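As structure tokens, the structure follows; a few thoughts come after it.
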Ligand SMILES: [Zn+2]
Ligand SMILES: [Zn+2]
Ligand SMILES: [Zn+2]
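In this note's numbering, the protein residues as written are 3 to 255.
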């Protein structure tokens, strides 16, 4: 499986509009973080987890010519705002885009993108096939996904394990039972917002402690705020098996 980090930034992205801190002024390409998303190339399929506001720019940058499915972790705007742009794939692939998410997430998509679901097939609107998922394992276009239940403050959301790869974003709590589903993964991607604690996201220290508990071969951090610090400097402080993700990073799992 090949995994490409399409975006590794928190909801505002980095740089933040109007901010002149040293991270936002950094010229290091790894300090430019679009909204969080990953692309999986697995078993001949092309699948994206979350389509935030930077979706178009991300798929153009990575030259993603086919997309077989879109899977959502939760309904926050920084994870869903790019849904309209999947119509490019409708035109190329001549089929509805399979979309996977929990019932609550799909209901939110119906409200935010009411024109897609109005029943009036206005030419050119996105065409999606909604597939409700639960905590039970499911197949997305033939690829087995195991949902991992995590809490985003009070909101129950999903991470996903695909083979030896686990992706968890926007979490700050995970139960022992759910950790068991993650154990044995070679690569775990986990959100880490910043150095200081936050009400709905793991801090850097909390993410490191969880990765030390889960013991993957490699851990990558994502959903990073400008308050985390400069990529180059933060990397120096991390355990060897943990790296910060950055936009465009590709890994083989
Ligand atoms: Zn988010
Ligand atoms: Zn800043
Ligand atoms: Zn969120």
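Glycine is no exception: its CB is placed at the ideal position from the N, C-alpha and C atoms.
Source: prediction; values computed, not measured.
Query, Result
"Residue 24 (DSSP reduced to helix, strand or coil)", "coil"
"The region 90-97 in contact with the region 111-122 per 3-pair CB rule at 8 Å", "no"
"Residue 228 beta carbon near ligand 2 (any heavy atom closer than 7 Å)", "yes"
"Close beta carbons around residue 158, own chain, < 7 Å, minus the five adjacent residues each side", "151"
"Whole-number beta carbon distance between residue 148 and residue 134, since they are thought to touch under 8 Å", "The pair is not a contact, with the Cβ atoms about 16 Å apart (cut-off 8 Å)."
"Proximity below 8 Å, CB of residue 49 to CB of residue 75", "no"
"Bridge partner(s) assigned by DSSP for residue 43", "4 and 48"
"Residue 69 - DSSP class collapsed to helix/strand/coil", "coil"
"Residue 32 beta carbon less than 8 Å from that of residue 15", "no"
"Contact set for residue 58: own chain, Cβ-Cβ below 6 Å, skip 5 residues either direction", "87"
"Under the three-state DSSP convention, the category residue 248 falls into", "coil"
"Buried/exposed call for residue 34, threshold 16 Cβ in 10 Å", "buried"
"Other residues of its chain near residue 217: CB distance less than 8 Å, five sequence neighbours each side excluded", "185"
"Whole-Å CB distance - residue 10 paired with residue 248, under 8 Å assumed", "6 Å"
"Proximity test, residue 172 beta-carbon vs ligand 1 heavy atom, cut-off 7 Å", "yes"
"Beta carbon of residue 70 nearer than 8 Å to that of residue 54", "no"
"Residue burial classification, residue 252 (beta-carbon count within 10 angstroms, cutoff 16)", "exposed"
"Residue 99 beta carbon less than 8 Å from that of residue 44", "no"
"Nearest neighbour of residue 160, chosen from 183, 144, 206 and 230 [CA to CA]", "183"
"Residue 204 vs residue 5 beta-carbon contact at 8 Å", "no"
"Cβ-heavy atom distance, residue 56 to ligand 1, below 7 Å", "no"
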